[in-house]
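In the numbering used here, the protein residues as written are 582 to 1017.
Before any comments, here is the structure.
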């Protein structure tokens, strides 16, 4: 048993869903057994990834699937959120996911597939409307194969970050720097979500959601310019991706910037979901533009943006430099409840995690302990939250940061691929035992 310096965790509801998350491109490896993705093209370009690495091998989960399922079973989670690689399915790779789902079910772990987690097949383009329809065809194919054993589905992961980092700022694949000309990417991903919901329903799915990233946008001061900038940031990163799904409308002024018959598309985008996934990491401090380009957490923020992101002082940070503000999770969840009311279905925290080095990762334990208490406070305030997924099971390929950041409950030696459960793995296992 892991000795804990923390007081006992409050009790969560008996049907609360406990899980961990990963994504295909970040852990699978076996790049030779799938079609290339935009991330393969991106990481092949010098200077794109901090340590010059690629995900060609990553954690080699493709060949070590059984070992990783055993880690899940040993952890005692209810569910495992993984993603299906669209490029692998294009190469005829559904057998891998079929076997993974079988092994998860045999281990008593509920499979929760995410159907798009940023690894767009090379040759596809979210600037093109047709990509949304091709995505729906792929979703139907996956659901027909796995739907007899999979109940809970996630359509997209973090379309906000894929739009902003991949297409507006150019720091993620496909590396475009379009700024506000990237808005069609957001619209086509949201359309893909709606079409995917319809495709899943057609195969009998009754437990469908999306994993959107959200966090409070705090104004740097009470000055009008800072408040206006923070409100705009909130629209761009939160409301732009929540309101089409939940309300069937874009925030004022954005709908007319989107391509196509937006009114008809919104009817598709707003296909009812059974729950709403939130990936939460930190709040953002936002102020008026400062007139210079800055590097913020590895992301270049251009001077021409109508806001600037500032550092939150006086709080601890992760090894990634991200602020640790657990109470902002309570703020976020109660704000969503207040803003969307009965249009908001039950929430699932589909990602929450932190980057820290080392196997005796007490800082990660403190992070999750504090965030779970903040989540419980939201439950006590009447917010319907039905589950919590830790990011991540394994240390992995952290996108443009390569292998420099470690988010896993399990340490991975990227030379030998040896898995070593961390102190946080043992802590989470004990927490789950106490909650049952």
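A virtual CB, placed ideally from N, CA and C, is assigned to each residue, including glycine.
Check: Which residue spans inside the region 847-930 form an unbroken beta strand (DSSP E) run of at least 3?
Finding: 857-860, 865-868, 875-877, 880-882 and 889-891
Notebook entry, point to check: In or out: residue 640 buried (at least 16 other Cβ within 10 Å) or exposed?
Noted result: buried
Margin query: The alpha helix (DSSP H) that contains residue 958, what's its start and end?
Written below: 943-961
Item checked: Beta-carbon spacing of residue 713, residue 769 below 7 Å -> yes
Next item on the list: Count the other C-beta atoms from every protein chain shown that fall within 10 angstroms of the C-beta of residue 626, then say buried if there are 16 or more, exposed otherwise.
Entry: exposed
Item checked: Complete beta strand (DSSP E) runs within the region 593-656 (minimum length 3 residues, chain order) -> 598-602
Check: Taking the alpha-carbon positions, what's the residue 859 to residue 915 distance?
Finding: Cα to Cα, the separation comes out at about 13 Å.
Note to self: Using 7 Å as the threshold, is the C-beta distance between residue 618 and residue 973 below it?
What the structure shows: no
Notebook entry, point to check: Taking residue 630 as the reference, which of 898, 663 and 984 has the closest Cα?
Noted result: Residue 630 has its Cα closest to that of 984, out of 898, 663 and 984.
Note to self: With distance defined between alpha-carbon atoms, name the residue in 595, 591, 593 and 607 nearest to residue 995.
What the structure shows: 607
Next item on the list: Assuming residue 921 and residue 827 form a contact by the criterion Cβ under 8 Å, report the distance between their Cβ atoms to the nearest whole angstrom.
Entry: Indeed they touch by this definition, with Cβ atoms about 5 Å apart.
Item checked: Residues that DSSP places opposite residue 793 in a beta bridge -> 859
Check: Mind checking whether residue 981 and residue 744 have CB atoms under 7 Å apart?
Finding: no
Check: Distance, Cα to Cα, residue 987 vs residue 764?
Finding: 31 Å
Notebook entry, point to check: In this structure, does DSSP put residue 967 in helix, strand or coil?
Noted result: strand
Notebook entry, point to check: How about residue 797 and residue 816: do their beta carbons lie closer than 7 Å?
Noted result: no
Next item on the list: Just the C-alpha distance for residue 610 and residue 806, rounded to the nearest angstrom, thanks.
Entry: 46 Å
Checklist line | Whole-angstrom distance between residue 834 and residue 1012, CA atom to CA atom | finding: 46 Å
Checklist line | Reduced DSSP category for residue 661 - H, G, I as helix; E, B as strand; rest coil | finding: strand
Next item on the list: Identify whether residue 754 lies in helix, strand or coil by the three-state DSSP scheme.
Entry: Residue state, collapsed to three classes: coil.
Check: Under 7 Å between the Cβ atoms of residue 672 and residue 725?
Finding: no
Checklist line | Cross-strand partners of residue 988 (DSSP beta bridge) | finding: Paired residues: none, contrary to the question.
Note to self: Here's a check: name, in chain order, each residue in its chain whose Cβ is nearer than 6 Å to the Cβ of residue 684, leaving out the five neighbours to either side.
What the structure shows: Within the same chain, residue 684 has close Cβ partners 650.
Note to self: Given a cut-off of 7 Å on the beta-carbon distance, is the pair residue 775 and residue 658 in contact?
What the structure shows: no
Notebook entry, point to check: Which word fits residue 979, buried or exposed, when buried means at least 16 other C-beta atoms lie within 10 angstroms of its C-beta?
Noted result: Buried: at least 16 other Cβ atoms inside 10 Å.
Notebook entry, point to check: What residues match up with residue 1002 in a beta bridge as DSSP calls it?
Noted result: 991
Next item on the list: Excluding the 5 residues preceding and the 5 following residue 706 in the sequence, name in chain order all residues of the same chain whose CB lies nearer than 7 Å to its CB.
Entry: Excluding sequence neighbours, residue 706 sits near 712.
Next item on the list: Locate the alpha helix (DSSP H) running through residue 712, then write down its first and last residues.
Entry: 711-727
Check: Less than 7 Å separating the beta-carbons of residue 906 and residue 864?
Finding: For residue 906 and residue 864, yes; Cβs fall inside 7 Å.
Notebook entry, point to check: Counting Cβ pairs closer than 8 Å, one from the region 877-892 and one from the region 786-796, do we hit at least three?
Noted result: no
Checklist line | Identified DSSP bridge partners for residue 695 | finding: Residue 695 is bridged to 664 and 735.
Notebook entry, point to check: Looking only at DSSP bridge pairs, what is residue 800 linked to?
Noted result: 867
Check: Mapping DSSP to helix, strand and coil, what is residue 1008?
Finding: It is helical.
Checklist line | Nearest-angstrom beta carbon gap, residue 703 and residue 635 [assumed within contact, 8 Å] | finding: Taking the Cβ atoms as the reference, residue 635 lies roughly 14 Å from residue 703, outside the contact range of under 8 Å.
Next item on the list: Look at residue 693 and residue 662 and say whether their C-beta atoms are less than 7 Å apart.
Entry: yes
Checklist line | DSSP three-state assignment for residue 975, whether helix, strand or coil | finding: Here residue 975 sits in strand by DSSP.
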